[in-house]
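Enquirer: In this note's numbering, the protein residues as written are 20 to 430. One structure is given below, represented as structure tokens, and several questions about it will come after.
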Amino acid sequence: MINHPRIVNIEDYAQFVGAETVARILGKARNLRDLHVVNVNSTYYGGGVAELLGSMSILMNSVGIKTGWRVIQGSPDFFSITKKMHNALQGGEINLTDRKKEIYEAVVYENAIRTHLEHDVVIIHDPQPLPLINHYRKRGPWIWRGHVDLSAPDPELWNYLSPFVEKYDAVIFSIKEYTRELKTPQLFFMPAIDPFTIKNAPLSEAEIDERLEHYRIPTDLPLVVQVSRFDHWKDPQGVVEAFKIARKEVDCTLVLLGNVATDDPEGPEIYESLLECQEERIIILSVQDTALVNALQSRAAVVLQKSLREGFGLTVSEAMWKGAAVIGGNVGGIRYQIEDGVNGFLVNTVTEAAARIVQLVQDEALRRRLGEAGRETVRQRFLLSRNLEQYLDLFASFETNFTLKRVPGSN
Ligand code: UDP
Numbered sequence: 020m021i022n023h024p025r026i027v028n029i030e031d032y033a034q035f036v037g038a039e040t041v042a043r044i045l046g047k048a049r050n051l052r053d054l055h056v057v058n059v060n061s062t063y064y065g066g067g068v069a070e071l072l073g074s075m076s077i078l079m080n081s082v083g084i085k086t087g088w089r090v091i092q093g094s095p096d097f098f099s100i101t102k103k104m105h106n107a108l109q110g111g112e113i114n115l116t117d118r119k120k121e122i123y124e125a126v127v128y129e130n131a132i133r134t135h136l137e138h139d140v141v142i143i144h145d146p147q148p149l150p151l152i153n154h155y156r157k158r159g160p161w162i163w164r165g166h167v168d169l170s171a172p173d174p175e176l177w178n179y180l181s182p183f184v185e186k187y188d189a190v191i192f193s194i195k196e197y198t199r200e201l202k203t204p205q206l207f208f209m210p211a212i213d214p215f216t217i218k219n220a221p222l223s224e225a226e227i228d229e230r231l232e233h234y235r236i237p238t239d240l241p242l243v244v245q246v247s248r249f250d251h252w253k254d255p256q257g258v259v260e261a262f263k264i265a266r267k268e269v270d271c272t273l274v275l276l277g278n279v280a281t282d283d284p285e286g287p288e289i290y291e292s293l294l295e296c297q298e299e300r301i302i303i304l305s306v307q308d309t310a311l312v313n314a315l316q317s318r319a320a321v322v323l324q325k326s327l328r329e330g331f332g333l334t335v336s337e338a339m340w341k342g343a344a345v346i347g348g349n350v351g352g353i354r355y356q357i358e359d360g361v362n363g364f365l366v367n368t369v370t371e372a373a374a375r376i377v378q379l380v381q382d383e384a385l386r387r388r389l390g391e392a393g394r395e396t397v398r399q400r401f402l403l404s405r406n407l408e409q410y411l412d413l414f415a416s417f418e419t420n421f422t423l424k425r426v427p428g429s430n
């Protein structure tokens with residue numbers, strides 16, 4: 020007999036969400052047993068979508084839904100175009116030439132040729148693989164899951180993309196603000212975290228020390244941390260500015276930890292430009308080490324996610340789960356995780372961020388109060404078991420002609 024390593028299953032969540040919730044989820048999964056589902060996105064690591072798919076695909080299999088995960092391949096010019104699209108969907112500018120559309124559609128078509136999708140349900144994530152739907156005869160519903168902040172997309176780009184979107188049987192966005200005018204039914208599922216990964220499971224103080232020492236991160240002063248892809252929307256420059264203002268009043272060390280996703284060609288340049296800000300108390304790190312993410316979020320006096328646009332922002336829930344005091348940009352999905360002054364702070368400007376850093380570094384009791392409330396928020400609303408149940412409800416809601424019987428309840 021082969022001995023497999025143990026994987027997380029839904030019963031493991033009972034300690035956080037209760038046995039009744041787990042039993043309800045298992046009951047729903049039983050009715051869908053052996054359903055064959057596939058997810059398609061454009062990077063196997065780096066960024067929240069890969070993080071979600073890694074855990075969700077395993078959890079779904081553990082309840083009997085045969086769930087796969089495919090990643091499309093593309094040339095650097097394809098990813099340069101799709102990153103421009105990503106930026107323009109979040110309100111940036113794009114020069115949408117015919118050439119760009121041709122490259123985008125041709126690369127997606129090549130992926131369609133080599134990706135055989137004959138599943139009962141197909142879930143396509145984000146704009147990169149969106150046009151795949153043009154190249155298949157559907158055997159079941161196709162769902163488009165848009166993860167970006169769609170509150171103000173570039174109109175020309177949205178006009179170009181929306182005919183692809185309307186071919187899908189359902190669309191999922193993270194929050195209601197991203198509702199678009201579409202013929203397709205729209206649902207709202209917020210992402211969630213897996214509490215059992217190396218990134219999110221509890222670490223001992225000794226393990227935290229070991230990780231921080233390994234990267235020579237000083238622990239003599241309170242740590243102010245942001246963990247994010249190197250991306251302008253995450254406003255790393257704003258974090259450095261806020262830190263410099265705060266440091267006039269309190270002693271602390273800033274750590275910006277970032278990585279670069281394979282579908283994000285802008286990262287290296289942003290990382291390089293940040294290195295210019297590096298000094299003794301401003302540490303800029305680009306490494307792929309999930310235990311380090313955990314150690315920093317667990318030890319930090321303050322965790323920032325000072326985004327200017329944010330589809331959801333998994334790092335916010337990750338930090339709250341560790342009881343960190345979190346300061347988030349007052350945008351997109353961050354607003355659904357942080358209730359200002361209750362389980363963290365929301366800020367609109369660099370100056371506001373600086374003032375909150377000072378306040379939190381000076382007030383340990385406040386940090387503890389916000390941190391405890393933050394962990395409870397995540398326990399109630401942002402664990403992956405909730406997201407799994409939403410998917411099960413959605414799968415159960417499709418009629419045989421792939422239309423939705425009813426739009427299942429959202430968050
Ligand atoms: N992340 C990481 N290492 C880093 C930076 C980010 O593992 O150096 C992870 C982070 O912990 C989170 C994900 O990447 O799980 C980012 O997801 P989020 O929703 O915050 O932002 P996105 O990158 O999808 O815009």
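Virtual Cβ for every residue (Gly too), placed ideally from N, Cα, C.
According to DSSP, E298 sits in a beta bridge with which residue or residues?
Expert: I301
Enquirer: Is it right to say R425 is buried, meaning 16 or more other beta carbons lie within 10 angstroms of its own, or is it exposed?
Expert: Counting of Cβ neighbours within 10 angstroms places R425 among the exposed residues, the total staying below 16.
Enquirer: Scan the segment 204–248 and note each continuous alpha helix (DSSP H) run of 4 residues or more that stays entirely inside, going in chain order.
Expert: 224–233
Enquirer: Grab the span of the alpha helix (DSSP H) containing H105 for me, first residue to last.
Expert: 95–108
Enquirer: For R415, does the three-state DSSP call read helix, strand or coil?
Expert: Note that residue 415 is Ala in the sequence shown here, rather than Arg. Annotated three-state conformation of A415 is helix, per DSSP.
Enquirer: Under the three-state reduction of DSSP, which class applies to G286: helix, strand or coil?
Expert: helix
Enquirer: Per DSSP, which residues does W163 bridge with? Please list them.
Expert: Looking at the DSSP assignment, W163 forms a beta bridge with I143, V190.
Enquirer: At a cut-off of 6 Å, is R248 close to the ligand UDP when judged by its beta-carbon and the heavy atoms of the ligand?
Expert: yes
Enquirer: Is the number of C-beta pairs between the segment 42–55 and the segment 403–411 that are closer than 8 Å three or more?
Expert: By the Cβ criterion, the segment 42–55 is in contact with the segment 403–411, since at least three pairs of Cβ atoms, one from each stretch, lie closer than 8 Å.
Enquirer: Mark L402 as exposed unless 16 or more other C-beta atoms lie within 10 angstroms of its C-beta, in which case mark it buried.
Expert: buried
Enquirer: Can N278 be considered in contact with the ligand UDP, in the sense that its beta carbon sits closer than 6 Å to one or more heavy atoms?
Expert: yes
Enquirer: Check for me: the beta strand (DSSP E) holding W177 runs from which residue to which?
Expert: That residue, W177, is in no beta strand (DSSP E); its alpha helix (DSSP H) goes 174–184.
Enquirer: Please report the Cβ distance between N367 and L389, rounded to the nearest whole angstrom; I am assuming they are in contact, meaning their Cβ atoms lie under 8 Å.
Expert: Contact between N367 and L389 does not hold, since the beta-carbon distance rounds to 18 Å and is not under 8 Å.
Enquirer: Would you check if the segment 280–296 and the segment 56–63 touch, i.e. whether three or more CB-CB distances between them fall below 8 Å?
Expert: yes
Enquirer: With respect to the beta strand (DSSP E) encompassing G363, which residues constitute its N-terminal and C-terminal limits?
Expert: Here G363 belongs to no beta strand (DSSP E), and DSSP marks it neither H nor E.
Enquirer: What does a CB cutoff of less than 6 Å around N313 pick up in its chain, not counting 5 residues either side in sequence?
Expert: K218, L222
Enquirer: With H, G and I counted as helix, E and B as strand and the rest as coil, what does DSSP make of V59?
Expert: Residue state for V59 is assigned as strand, using DSSP reduced to three classes.
Enquirer: At what residues does the beta strand (DSSP E) containing V350 begin and finish?
Expert: Segment: none, V350 is in no beta strand (DSSP E) and carries neither H nor E.
Enquirer: Tell me where the beta strand (DSSP E) around L275 begins and ends.
Expert: 272–277
Enquirer: Does the beta-carbon of G66, which I'm using as the reference point, lie nearer than 6 Å to any heavy atom of the ligand UDP?
Expert: yes
Enquirer: Relative to the alpha-carbon of V127, which residue among F183, E371, Q316 has its alpha-carbon at the smallest distance?
Expert: F183
Enquirer: I need the straight-line Cα distance from K202 to P160, nearest angstrom please.
Expert: 15 Å
Enquirer: Tell me, please, which residues DSSP counts as bridged to A344.
Expert: V321
Enquirer: Throw me the rounded Cβ distance for the R328 and Q109 pair, which I believe falls under 8 Å.
Expert: 4 Å
Enquirer: With a threshold of 6 Å, establish whether the CB of L108 neighbours any heavy atom of the ligand UDP.
Expert: Distances between the C-beta of L108 and the heavy atoms of the ligand UDP are all 6 Å or more.
Enquirer: Tell me whether the beta-carbon of L333 lies closer than 7 Å to the beta-carbon of E70.
Expert: It is a contact, given that the beta carbons lie within the stated cut-off.
Enquirer: Determine the burial state of K253: buried for a count of at least 16 other Cβ atoms within 10 Å of its Cβ, exposed for fewer.
Expert: Residue burial is scored here from C-beta neighbours: K253 has at least 16 other C-beta atoms within 10 angstroms and is therefore classed as buried.
Enquirer: From I143 to G93, what distance separates their C-alpha atoms?
Expert: 16 Å
Enquirer: Need the endpoints of the beta strand (DSSP E) that K263 sits in, please.
Expert: Counting along the chain, K263 falls outside any beta strand (DSSP E), though it belongs to the alpha helix (DSSP H) covering 255–265.
Enquirer: Do you know how far the Cα of D96 is from the Cα of L304?
Expert: For L304 and D96, the distance between alpha carbons rounds to 27 Å.
Enquirer: Kindly indicate which three-state DSSP category R386 falls into: helix, strand or coil?
Expert: R386 carries a helical assignment under DSSP once its states are collapsed to helix, strand and coil.
Enquirer: Along the chain, where does the beta strand (DSSP E) containing T422 start, and where does it finish?
Expert: That residue, T422, is in no beta strand (DSSP E); it is neither H nor E in DSSP.
Enquirer: For G286, is the beta carbon positioned less than 6 Å from some heavy atom of the ligand UDP?
Expert: Not under cutoff, so the answer is no.
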